[in-house]
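In this note's numbering, the protein residues as written are 379 to 500. The beta carbon of each residue, even a glycine, is placed where N, CA and C say it ideally should be.
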Amino acid sequence: MDMILPYLKCFLVGGALCAVGQILIDKTMLTPARILTFYVVTGVVLGAAGVYEPLVEWAGAGATVPLTGFGNALAKGMREAIAKDGALGIFTGGFTASAGGVCAALLFGYLAALAFRSHEKN
């Protein structure tokens with residue numbers, strides 16, 4: 379049971395975040411881009427308030443992989459950079475904290491574009 383519990387926590391939190399996103403798509407007039415922005419901003423606000431970190435410790439990747447985790451990483455990086463560099467950290471902290479994820483997204487997006495051909499939907 380000790381091996382399964384972390385996976386269960388991850389699945390529950392990640393699944394709940396995905397379910398909320400799907401409900402927002404189905405029941406509101408919000409576009410996917412607005413929902414994406416809402417999730418990132420929610421992660422920033424919860425991370426800045428110190429509320430998101432306990433969720434990350436409890437759920438692991440279920441809280442760090444979704445877009446709210448990206449927002450939390452931005453807030454955490456900014457807090458650390460402000461503590462280290464002062465006001466300059468406002469501009470550099472978020473980029474430093476999320477650079478690995480952004481680089482991976484660009485690299486894998488580029489590789490996918492090379493591997494597959496795009497075409498218009500009929």
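Under the 8 Å Cβ criterion, the segment 421-440 does not count as touching the segment 405-412, having fewer than three qualifying pairs. Boundaries of the alpha helix (DSSP H) around K387: 382-405. For the pair G467 and A459, the CB atoms are nearer than the 8 Å cut-off. With at least 16 other beta carbons inside 10 angstroms of its own, F448 counts as buried. Taking all protein chains shown into account, G393 has fewer than 16 neighbouring C-beta atoms within 10 Å of its C-beta and is therefore exposed.
Counting only the Cα atoms, A441 lies some 14 Å from L452.
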